[in-house]
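To start, the structure under review is shown below, and the notes come after it.
Protein chains in written order, with the working numbering: chain P, 52 to 605; chain L, 52 to 605.
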């Protein structure tokens, strides 16, 4: 029978002891204590890590490839919301993720997306209604109802929303929340609807409010949102109600590390190591009933060997008793390429991107903020040339466009501050939540070129300057690559550097770009249907609104 | 009258003294000693640096943009061989370089290329014969006859070669050598023909031979060849006969530093600082009679202010009395874009790249060596699929092609070891010396795509994987960009990283690629006319030789 010897972490009893772990057929058979200084007890054996909330799609990798990279860092499972692909490909997209994930030894625990489409003010690729949601929740491999972003819908008891929540309750599956900044009575109402987690807190006060109302709090530290520093202190008093998650994890940062990094940072801040391991390993497994092993006899043999309980560097990762990573190398093979997509628009012409000037003295300008999903609303005099509003490079007011990727339709145009490009353009078909094509640039020629590069690849991110151009194709739903994850990370790093070389001082220009069409976060965004005021929650006049031209748009 | 105060380096008298330097109308008027501890004497004032041999084209920047970046490092002049553009655009190319260089305050000192084309076994874009050479040498702004690579032509007194040499002698302009590894009697003969420098030595012994025969030695440390460590010791005994040069300096390394770095390394190795400054500032100016200022009254006011004589970090750079760089910022404006090119081939199809199998049991394979221009000749059994020879990824034997860029012609194909790509392809129109398009890849589809990206841009470097692609266009002669040099450097860094992410372990895959068509360096290379044996100095059978198809090639 295979066995492994080391300092075993028994998180439930808060102790560490030298032992030999015997395992067979994917399960731990027994854990037999040995003398503390017996040979082979130098390393620690602990349960593998769980990312308690992650959109796999943000890694730009298909699930199997995500797993291949994540196991290197000791991650053995995730709670995965396939919200992005669901907005593009609907139920088929969810099925693709599950099937792709099933090809590798890794525990994905997908949820049923609750808000597809996110709003009625944009064109998504699919609708998942309450009946679809119920169908999904009936599946054994769908573990929960994922982040209920429609917070007003919950409070006003919207019929569809209530049906989805009821389906989850009936099936005894947890419901994830998403209620940034919600406090007091409204928070209580939201929680009382049976929503049991939140990963959107950005202050300790808000998190404490929710914890005290019985909600579990996911401390999020990903490529986009970074709340670790603000929230980690809560672990001391609420060790059973805290989990760690990344939410959005870009390929370059997945190569660098995962939940292991959060453990190391928490311990370095003086957090009790058993509390840290509860958040990183135990709490998500118990909350979502994932069945991931937790180092007890009879548990699945999901464990990792780490050199110490400071850096949590994974020497070995086991899933169901199979060694899947060792010394920084993944032992999982790259998956066979598989394609699913919903990308039907054809190439654009430069003239499609002009913004007519209708004698406006001032236009609404989106102010992007570095590292934030929220934007500000500015008013600014337009720069007009030949009765067209153009990018005003000197004042860093650049044209932003959203191109419907699902069918041929007029292009939405507006202007945005803080992208900083001095020439060229960047474009992306990763554009939350509907994943149309969003682009920012200094002139229509560059914008058109960048958009067309994305269209040629049927999805991707692109960067165009005068002489150089680069595109990272994401042909899987326009969100993910089929290539080796390390290569995708290298390409992402390269295109990120190129965008910065064009003048952008944003810390992650493509990430910021991807949130400029995310209507559910205020204050002003651009959808394929036009400029959207998040405070009024409605479309608002924009320069050169997308009129119905060329007889398109059903 | 403008003046500047500091510790002035008087290299000729090997002393440093506190002084005020007065300058006017681009010249130093007087240098007046002051008390050693007078205000403002903390920094050192020394002559600017000269790169004694550089092909500006290798920076991928036009001369004015090269200058804009170089002055930041204290470089005020170069000895520039426009050999690359001459092979593409002939005399017009040389004129372009001179005119472009004249738009900025910088001293380029161009030479007349001596070997265009380099051999008769390849298709270049132009011929510069002895009459053309003479015409060039008659110009005041052509300072020398540049590297005479046709070493056998010199020894056997080839008529054209002798005419070129005679023209330089008549006009009292120096002749640069290029005689790697040549020793003994042959070296004497070569030197006796009146060739006065060599920048190709890679051992101290060889350099010593040449120094003792009266030749001046340029210690070369660039992106391609790195001879500094081997040769710097010679500076001790031959301080008047040594210069520093880069030869080929890629954009990323030009951003990092220039001759200043070699000074710092030489001083760190214990070399006398005045000897170092002779090599870096004085010797090239005297040898090539460039008229660059050397810190004497009456000299051009070309000087730099450095913090110390250890790191040679330039605080200020002056050329003809004009402040052109300060604290790491260039004060030279980017030039207006200008285009000259010779790029006439049209896009290729995948089928153009197939290599037929003619029952060969073994094929000649080029073995590329990291960091070297030289290659080895291997024999290897071909990998055959459907009677076509294909890349053998497992054994790292990949297809290499050379595509004539000057007119439509059949494609030369061969196989090469050590590029290491596991997928995709890379291509470049920087391909010494004729600058056709050279590409290496794992399959014809990727190779075709990479080549066509270069063709679309009328020159450039490209990298293609399954999902991603990148091209850095070099529309100026297919060698240089019109963009901001820092952006070009960033793009070059990005595409280099992308090539490495496809599996190449070469330290600079595009640089190695650019030398695979350089016939004058043994042992086996590929020209647009086929596989070339550098030892026999003739074409040699290759798989699927480029027969005259599709009625092309004049």
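Even glycine gets a Cβ: it sits at the ideal position worked out from N, Cα and C.
- Three or more Cβ pairs closer than 8 angstroms define a contact, and the stretch 538 to 554 of chain P falls short of that threshold against the stretch 459 to 467 of chain P.
- If you draw a 10 Å sphere on the C-beta of residue 58 of chain L, you find 16 or more other C-beta atoms in it, and that means buried.
- Within the stretch 253 to 335 of chain P, the complete alpha helix (DSSP H) runs of at least 4 residues fall at 255 to 263, 279 to 282, 302 to 307, 310 to 319, 324 to 328.
- Nearest in C-alpha terms to residue 368 of chain L, of all of L:121, L:456, L:87, is L:121.
- Check the Cα spacing between residue 464 of chain P and each of P:439, P:445, P:481: the tightest is with P:439.
- Closest option to residue 328 of chain L, judged by alpha-carbon separation, among L:342, L:310, L:340, L:341: L:310.
- For chain L, none of the residues of the stretch 70 to 93 of chain P brings a beta carbon within less than 7 angstroms of one of its beta carbons.
- Residue 477 of chain P sits close to residue 513 of chain P, with the two beta carbons spaced by under 8 angstroms.
- In the three-state reduction of the DSSP assignment, residue 572 of chain L falls in the coil class, being assigned neither a helical nor a strand state.
- With its beta carbon less than 8 angstroms from one in chain P, residue 538 of chain L belongs to the interface.
- Classified as exposed, residue 287 of chain L has fewer than 16 neighbouring CB atoms from the shown chains inside 10 Å of its CB.
- Contact between the stretch 251 to 266 of chain P and the stretch 212 to 220 of chain P is absent, with fewer than three C-beta pairs closer than 8 angstroms.
- Not a single C-beta of chain P is nearer than 8 angstroms to the C-beta of residue 307 of chain L.
- Counting only runs of 4+ residues, the alpha helix (DSSP H) found wholly inside the stretch 321 to 401 of chain P occupies 324 to 328, 334 to 339, in chain order.
- Ranked by Cα distance from residue 276 of chain L, the options L:294, L:295, L:251, L:255 are led by L:251.
- In the DSSP assignment, residue 225 of chain L falls outside any beta strand (DSSP E), carrying neither H nor E.
- If you draw a straight line from the Cα of residue 224 of chain L to the Cα of residue 111 of chain L, it is about 28 angstroms long.
- Of all residues in the stretch 501 to 523 of chain L, those with a C-beta nearer than 8 angstroms to a C-beta of chain P are 508, 511, 516, 517, 518, 519, 520, 521, 522, 523, reading in chain order.
- For residue 491 of chain L, the closest C-alpha among the options L:144, L:565, L:190 is that of L:565.
- Membership of residue 131 of chain L in any alpha helix (DSSP H) is not indicated; the residue belongs instead to the beta strand (DSSP E) covering 126 to 131.
- Residue environment for residue 208 of chain L: exposed (fewer than 16 other C-beta atoms within 10 angstroms of its C-beta).
- For residue 415 of chain L, DSSP records a beta bridge to L:430.
- For residue 508 of chain P, no beta strand (DSSP E) segment is defined, and its DSSP state is neither H nor E.
- If you check the CB distance, residue 331 of chain L and residue 283 of chain L do not come in under 8 angstroms.
- Assignment of residue 134 of chain P by DSSP, reduced to helix, strand and coil, places it in the helix class.
- Shown here, residue 236 of chain L sits in a helix according to DSSP, grouped into three states.
- For residue 405 of chain L, no Cβ of chain P is located within less than 8 angstroms of the residue's own Cβ.
- For residue 548 of chain L, the nearest beta carbon of chain P is closer than 8 angstroms to its own beta carbon.
- Around residue 554 of chain L, the same chain offers 471, 472, 473, 474 as residues with beta carbons nearer than 8 angstroms, after the five sequence neighbours per side are excluded.
- Judged by DSSP in its simplified three-state form, residue 77 of chain P adopts coil rather than helix or strand.
- When L:577, L:387, L:315 are compared, the shortest CA-CA separation from residue 357 of chain L is found for L:315.
- For residue 532 of chain L, the closest Cβ of chain P is nearer than 8 angstroms.
- With a threshold of 8 angstroms between beta carbons, residue 552 of chain L makes contact with chain P.
- Look at residue 559 of chain L: its C-beta is not under 8 angstroms from any C-beta on chain P.
- Per the coordinates, the alpha-carbon of residue 401 of chain P lies some 49 angstroms from the alpha-carbon of residue 77 of chain L.
- For residue 134 of chain L against residue 164 of chain L, the beta-carbon gap comes to about 5 angstroms, under 8 angstroms, which counts as contact.
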